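Below is one structure; the comments refer to it alone.
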Amino acid sequence: GSTRLSSVCKRCLVMSATSVKSYEYVILGGGNAAGYAARQFVEKHGLSGHKLAVISRESVAPYERPALSKAYLTANPPTRLPAFHTCVAGGGAPQTPDWYAKNGIDLLLSTEIVDCDLNSKCLTAKDGSKYGYGKLLIATGSDALHLDELGMQGAHLGGIHYLREIAEADKLYEAMKACAGKHAVVVGGGYIGLECTAALVINGVRVTMVFPEPHVMARLFTPEIAAHYERIYAQKGVNFIKGTVVDSFADENGSGQVKYVRLKNGPVLEADLVVVGVGAKPRTTLLEGALAMEARGIKVDGHLRTSHADVFGAGDVITFPLKMYGNRMARVEHVGHARQSAMHAVDVMMGATTEPYDYLPFFYSRVFHLSWKFWGDTPAQAKTIVVGEMNPKLVAVWIDQDGHVVGTFIESGTEHDENKLKELARTRPKANVARLEEAAAANDVDGFLN
Ligand code: FAD
Ligand code: NAD
Ligand code: ISD
Numbered sequence: 041g042s043t044r045l046s047s048v049c050k051r052c053l054v055m056s057a058t059s060v061k062s063y064e065y066v067i068l069g070g071g072n073a074a075g076y077a078a079r080q081f082v083e084k085h086g087l088s089g090h091k092l093a094v095i096s097r098e099s100v101a102p103y104e105r106p107a108l109s110k111a112y113l114t115a116n117p118p119t120r121l122p123a124f125h126t127c128v129a130g131g132g133a134p135q136t137p138d139w140y141a142k143n144g145i146d147l148l149l150s151t152e153i154v155d156c157d158l159n160s161k162c163l164t165a166k167d168g169s170k171y172g173y174g175k176l177l178i179a180t181g182s183d184a185l186h187l188d189e190l191g192m193q194g195a196h197l198g199g200i201h202y203l204r205e206i207a208e209a210d211k212l213y214e215a216m217k218a219c220a221g222k223h224a225v226v227v228g229g230g231y232i233g234l235e236c237t238a239a240l241v242i243n244g245v246r247v248t249m250v251f252p253e254p255h256v257m258a259r260l261f262t263p264e265i266a267a268h269y270e271r272i273y274a275q276k277g278v279n280f281i282k283g284t285v286v287d288s289f290a291d292e293n294g295s296g297q298v299k300y301v302r303l304k305n306g307p308v309l310e311a312d313l314v315v316v317g318v319g320a321k322p323r324t325t326l327l328e329g330a331l332a333m334e335a336r337g338i339k340v341d342g343h344l345r346t347s348h349a350d351v352f353g354a355g356d357v358i359t360f361p362l363k364m365y366g367n368r369m370a371r372v373e374h375v376g377h378a379r380q381s382a383m384h385a386v387d388v389m390m391g392a393t394t395e396p397y398d399y400l401p402f403f404y405s406r407v408f409h410l411s412w413k414f415w416g417d418t419p420a421q422a423k424t425i426v427v428g429e430m431n432p433k434l435v436a437v438w439i440d441q442d443g444h445v446v447g448t449f450i451e452s453g454t455e456h457d458e459n460k461l462k463e464l465a466r467t468r469p470k471a472n473v474a475r476l477e478e479a480a481a482a483n484d485v486d487g488f489l490n
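Under full-length UniProt numbering, residues 41 to 490 are what the sequence shown spells out, in order.
Structure, rendered in structure tokens:
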């Protein structure tokens, strides 16, 4: 049972007057990685009998976080739990709390771990309860960067929204509904900015997007790809203010609710609602000083092991070697990686594999009627060839300095298209530049893909 004490945490018990619940395995975090790790323990390794605990600060069982900026805000009626608990996107049934109970996993919700003693193998929660582990999987993910943390004036005002967890999605949904016909300012031109702007527009809110780069999704899109998406957003009434950032927010007559957004170069925008998506920060605070870190994340090796014995990592919080790019270290904030790294880490923890984690970078988004996918790499010196005008397809290929295909992108592809592009990114063949340029000139996406 869960109160069984393994030898590893006796020291923890001795040091504290509080009793310790001990497990062979603990997953710290209750997000995407945690849900897929739990499924792997049960379905692949047949774990049962309360040997595993999932400890999450959130009040609900792990769910598919990507839904929060999509069907949670846009579907009619909006998607709600239990429909999108993990691992529905991986082809499984939603793992409700009953699933955890039925499989003998202790799901400890609303439980924030505030101390992690790796030497005594003991985690301490905010309420003082203690949990021992034999092997620990850290899956604490990341959190939204908050503008008040940067000391921005007025950033604490009501009506300024962030989107990471379900409680924030609920608040944003209510605020959107109340703002139909009114005006929102969206701060940031990345994933949250673009997906939340689409959700606002679908809910009848007029939107101005503000971001410092010359075009949207600057961390992936080329100017040419971005122009296609911006055209569609503009047709839906979205206004872009590029090349600047927010200076401060203000309310009216001390209402405590945001009303004005002052930009760095002077203009002041009126807003009934603000959504901020200015990036994420990995949740590493608990482990700082205790584990080796790199590039703001917890450093793991190719087997997802941290610098401490019996401690593994998965998802947004880790910096890991990308095997297919000569073990270049990377941190990836996308759900495909969270799912795959979690499952791989469990296989390593269970002694079922000696293979290193081999991730092909994969990013995607869905907005309005659009749906794009990207595989591979975008080296700074790469040449990009874009084929098609988004009617409905568009394909882009990144070619490295040696002439090999290294990255592939498609809007509105079929399964056949996607499989072909994923394969190209994985195998990195020599690019047939003449054929690509011919296809681009003739606007012939299908000719190129078939
Ligand atoms: P998370 O899913 O963030 O889970 C971390 C968990 O750990 C949370 O439950 C958190 O509460 C818990 N936790 C943290 N610290 C503690 C603690 N001290 N004690 C207890 N619990 C703790 N990616 C895509 O590829 N495609 C998409 O379309 C997409 N859409 C997204 C939409 C939104 C709105 C957001 C926010 C992200 C989206 N992402 C998307 C990114 C993707 O969701 C993340 O990469 C993924 O969730 C990472 O999984 P994770 O388990 O590492 O972290
Ligand atoms: P992001 O990195 O995608 O975009 C941040 C944007 O904010 C960029 O345009 C950046 O230049 C801009 N910015 C930075 N500082 C600014 C400032 N002071 N004022 C205005 N703009 C500023 O991050 P995000 O969109 O906030 O997403 C947060 C996290 O959620 C990321 O981990 C992301 O991967 C994840 N997410 C992913 C998806 C997806 O994969 N489809 C969807 C939603 C969220
Ligand atoms: O990966 C995803 C994604 O994009 C979603 O919307 O997971 C969710 C689920 O598919 C929703 O059920």
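Just so it is clear, CB atoms sit at the ideal spot from N, CA and C, and this is done for glycine as well.
Just so we're clear, the structure is a prediction, and the values are computed from it rather than from any experiment.
Those residues which DSSP pairs with residue i across a bridge
i	result
Leu331	Glu328
Arg336	Answer by DSSP bridge pairing: none, since Arg336 is not bridged.
Trp412	Ser405 and Glu451
Asn279	Thr248
Met369	Pro361
Leu176	Val66 and Val351
Glu310	Tyr300
Cys162	Asp157 and Gly172
Arg345	Phe352
Ser182	Pro322
Whole-angstrom C-beta distance between residue j and residue i, which should lie under 8 Å
i	j	result
Val315	Val226	5 Å
Ser182	Pro322	5 Å
Val247	Leu240	5 Å
residue 22	Met257	No statement about residue 22 is possible, as the shown extent of the chain runs from 41 to 490 and does not include it.
Tyr65	Tyr213	Actually they do not touch by this definition, with Cβ atoms about 35 Å apart.
Ile439	Lys460	16 Å between Cβ atoms; not a contact.
Pro137	Leu147	6 Å
His255	Ala266	4 Å
His343	Pro396	6 Å
Environment of residue i [buried if 16+ CB atoms lie within 10 Å]
i	result
Lys217	exposed
Arg379	buried
Asp417	buried
Lys170	buried
Asp210	exposed
Ser96	buried
Lys166	exposed
Asn483	exposed
Arg368	exposed
Glu451	buried
Ser47	Low per-residue confidence applies at Ser47: pLDDT is 40, beneath 50, and the placement is therefore not dependable enough to give any value.
Residue i - containing beta strand (DSSP E), residue span
i	result
Cys236	From DSSP, Cys236 is part of no beta strand (DSSP E) but of the alpha helix (DSSP H) over Tyr231 to Ile242.
Asn72	Counting along the chain, Asn72 falls outside any beta strand (DSSP E), though it belongs to the alpha helix (DSSP H) covering Asn72 to Arg79.
Ala320	Ala320 to Pro322
Val375	Counting along the chain, Val375 falls outside any beta strand (DSSP E), though it belongs to the alpha helix (DSSP H) covering Val375 to Met389.
Phe289	Val286 to Ala290
Lys61	Val60 to Leu68
residue 514	This structure cannot settle anything about residue 514, because the visible part of the chain is limited to 41 through 490.
Residue i to residue j span [Cα, whole Å]
i	j	result
Arg79	Gln135	8 Å
Met430	His377	28 Å
Ile232	Gly75	22 Å
Asn243	Thr164	42 Å
Met333	Thr359	8 Å
Ala224	Gly447	35 Å
Cys156	Lys61	14 Å
Thr126	Ala195	33 Å
Lys142	Lys161	27 Å
Ser42	Lys175	Its pLDDT being 41, under 50, Ser42 is placed unreliably by the model, and the measurement read from it follows with that caveat. Looking at the two C-alpha atoms, the distance is approximately 14 Å.
Ser381	Leu489	30 Å
Lys50	Tyr63	In this prediction, Lys50 has a pLDDT of 48, which is less than 50 and means its spatial position is unreliable; nothing more can be read from the coordinates.
Gly487	Gln275	29 Å
The alpha helix (DSSP H) enclosing residue i, as first and last residue numbers
i	result
Ala218	Ile206 to Ala218
For the ligand MN, enumerate in chain order all residues having a CB closer than 5 Å to any of its heavy atoms. As far as ligands go, the structure on display features the ligand FAD, the ligand NAD and the ligand ISD and does not contain the ligand MN.
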